[in-house]
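See below for the structure under consideration.
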Amino acid sequence: MIPELSRPSVYMRDPRRVEEIIKAMKQAGPSTMQVISDFDMTLTRFAYNGKRCPTCHNILENSKLISQECRDKLEDLLNTYYPIEIDSSRSVEEKLPLMVEWWTKAHDLLVQQKIRKDLLTLVVRESDAMLREGYRVFFDQLQEHSIPLLIFSAGVGDVLEEVIRQAGVFHPNVKIFSNYMDFDENGALRAFKGQLIHIYNKREGALLNSGHFQELKARHNVLLLGDSLGDLTMADGVYSMENILKIGYLNDKVQERKESYLNAYDIVLQQDETMDVANAILLYMT
Ligand code: C5P
Ligand code: MG
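Every position in the sequence shown, counted from 1, becomes a number in the numbering used here once 5 is added.
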């Protein structure tokens, strides 16, 4: 049906079920579809030429906008909390308060640096941020068929927007839920707006933003893309869901985490740096 599903990076616990969902969504047509995607390490690459690619937060950390002292502190936080994020031996309940701690400490440090809004464009341009191979086909295809794309990210909204704007794919069908910066009258960062989004409260974020899903009331079929098990709740605000196809990128600690990803996601993409599978499914469905 879709040759890309036979690639060696593709794993499915129940291929027949995947086929059924894809067929049902194809039959219902693009006017009934919406796409909900995570950003960091889902739409962006995890690695390039053996080197890790940055998250939204890392783009700021690695930039000239912050002092060496602050960079060292943020790096310590990353070294402490990222291993916890991807530790498959700890439960979500155990990880949740630690993730809140990570985000809160990192945001406090960023605010202390009074990051300037007018320099974000430059910082993103000079960064190693990289969308996955095939990203243009992905964004353009959705725009062409007027399929809404919700990017739901625990990263930094202002940075994320700049990445997709510079890539030329910030089309009108794209809507973003993320952590946005609040700048003072001089354009210096003074806080983060609204309720914090971290990797384990996307469900609350979805329900808080129910107005968005209300607008898309007629779209009962969802393609969901994520790289964390926390991303699975991003579609919890969708109005009377009919079909959902969940695609999960398994980027890191693949052996330890494979089983849990196979149980949670319909399609698991193991160390696959492309959008090819999602693009092929969308092409088939539309
Ligand atoms: O867009 P997404 O929801 O994936 O963004 C969350 C990611 O940001 C997490 O997977 C986490 O590893 C990363 N992060 C980071 N630095 C922080 C907090 C989170 O790189 N201070
Ligand atoms: Mg992610």
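Backbone N, C-alpha and C define an ideal beta-carbon position, used for all residues, glycine too.
Where residue i and residue j are concerned, what is the direct C-alpha to C-alpha distance, given to the nearest angstrom?
{"i": "N224", "j": "T126", "result": "Correcting the residue type first, residue 224 is Arg in the shown sequence and not Asn. C-alpha separation (whole angstroms): 34 Å."}
{"i": "Q73", "j": "K222", "result": "48 Å"}
{"i": "V273", "j": "L287", "result": "16 Å"}
{"i": "E261", "j": "D92", "result": "9 Å"}
{"i": "R50", "j": "N248", "result": "27 Å"}
{"i": "D277", "j": "P8", "result": "15 Å"}
{"i": "H62", "j": "A283", "result": "26 Å"}
{"i": "I202", "j": "P13", "result": "34 Å"}
{"i": "D187", "j": "K251", "result": "33 Å"}
{"i": "V129", "j": "K56", "result": "18 Å"}
{"i": "N84", "j": "G253", "result": "24 Å"}
{"i": "V142", "j": "E167", "result": "19 Å"}
{"i": "Y4", "j": "I71", "result": "With the chain represented from 6 up to 291, any question about residue 4 goes unanswered, as that position is not in the structure."}
{"i": "E40", "j": "Q200", "result": "First, the amino acid is wrong: residue 40 is Val here, not Glu. Each residue's Cα considered, the two are about 23 Å apart."}
{"i": "A211", "j": "V179", "result": "16 Å"}
{"i": "K275", "j": "D189", "result": "Per the sequence shown, residue 275 should be read as Gln rather than Lys. C-alpha separation (whole angstroms): 43 Å."}
{"i": "G173", "j": "M135", "result": "13 Å"}
{"i": "M38", "j": "M246", "result": "10 Å"}
{"i": "Q32", "j": "P20", "result": "18 Å"}
{"i": "I204", "j": "A111", "result": "14 Å"}
{"i": "L154", "j": "D281", "result": "17 Å"}
{"i": "S11", "j": "A285", "result": "12 Å"}
{"i": "M104", "j": "N191", "result": "31 Å"}
{"i": "T279", "j": "Y53", "result": "11 Å"}
Based on the DSSP output, what are the partners of residue i in its beta bridges?
{"i": "I204", "result": "Beta-bridge pairing links I204 to no other residue."}
{"i": "F157", "result": "F182"}
{"i": "T49", "result": "L136"}
{"i": "Y254", "result": "L274"}
{"i": "D187", "result": "A196"}
{"i": "I169", "result": "Bridge partners of I169: none, in fact."}
{"i": "Y16", "result": "V273"}
{"i": "I249", "result": "V227"}
Can you tell me where the alpha helix (DSSP H) holding residue i begins and where it ends?
{"i": "M290", "result": "281-290"}
{"i": "V40", "result": "It is not in any alpha helix (DSSP H) - V40 instead sits in the beta strand (DSSP E) that spans 38-42."}
{"i": "F218", "result": "215-220"}
{"i": "R121", "result": "It is not in any alpha helix (DSSP H) - R121 carries neither H nor E in the DSSP assignment."}
{"i": "D241", "result": "Looking at the DSSP string, D241 is not in any alpha helix (DSSP H), and its letter there is neither H nor E."}
{"i": "E25", "result": "20-33"}
{"i": "P88", "result": "73-90"}
{"i": "C61", "result": "61-66"}
{"i": "N54", "result": "Per DSSP, N54 belongs to no alpha helix (DSSP H) and is neither H nor E."}
Can you say whether residue i is buried or exposed, counting buried as having 16 or more other CB atoms within 10 angstroms of its CB?
{"i": "P59", "result": "buried"}
{"i": "S233", "result": "buried"}
{"i": "A196", "result": "exposed"}
{"i": "D113", "result": "exposed"}
{"i": "T109", "result": "exposed"}
{"i": "N256", "result": "buried"}
{"i": "L48", "result": "buried"}
{"i": "R170", "result": "exposed"}
{"i": "V23", "result": "buried"}
{"i": "G216", "result": "exposed"}
Output needed for residue i: all residues of its chain with C-beta closer than 7 Å, excluding positions within five of it in sequence on either side, in chain order.
{"i": "L267", "result": "Y16, R18, V273"}
{"i": "E95", "result": "Here the sequence assigns Arg to residue 95, which means Glu is not the residue at that position. Cβ within range, chain order: I89."}
{"i": "N214", "result": "F182, G242"}
{"i": "D45", "result": "T60, C61, S158, G160"}
{"i": "V164", "result": "C61, I64, L65, L125, V129"}
Could you name the residues of the same chain whose beta carbon sits closer than 8 Å to that of residue i, not counting the 5 residues immediately before and after it, in chain order?
{"i": "E301", "result": "The structure shown has nothing for residue 301, since the chain only spans 6 to 291."}
{"i": "P177", "result": "Q148"}
{"i": "A322", "result": "Here the chain comprises residues numbered 6 to 291, so residue 322 is not present and cannot be evaluated."}
{"i": "Q219", "result": "Y244"}
For the beta strand (DSSP E) containing residue i, name the first residue and the last one.
{"i": "G293", "result": "Residue 293 is absent from the model: the chain starts at 6 and stops at 291."}
Using a Cβ-Cβ cutoff of less than 6 Å, which residues in the same chain neighbour residue i once the five nearest sequence positions on both sides are dropped?
{"i": "R208", "result": "T238, D241"}
{"i": "C75", "result": "L114, Q118"}
{"i": "M30", "result": "N226, N248, M290"}
{"i": "P35", "result": "H150, I152, T291"}
{"i": "I156", "result": "S42, F44, I181"}
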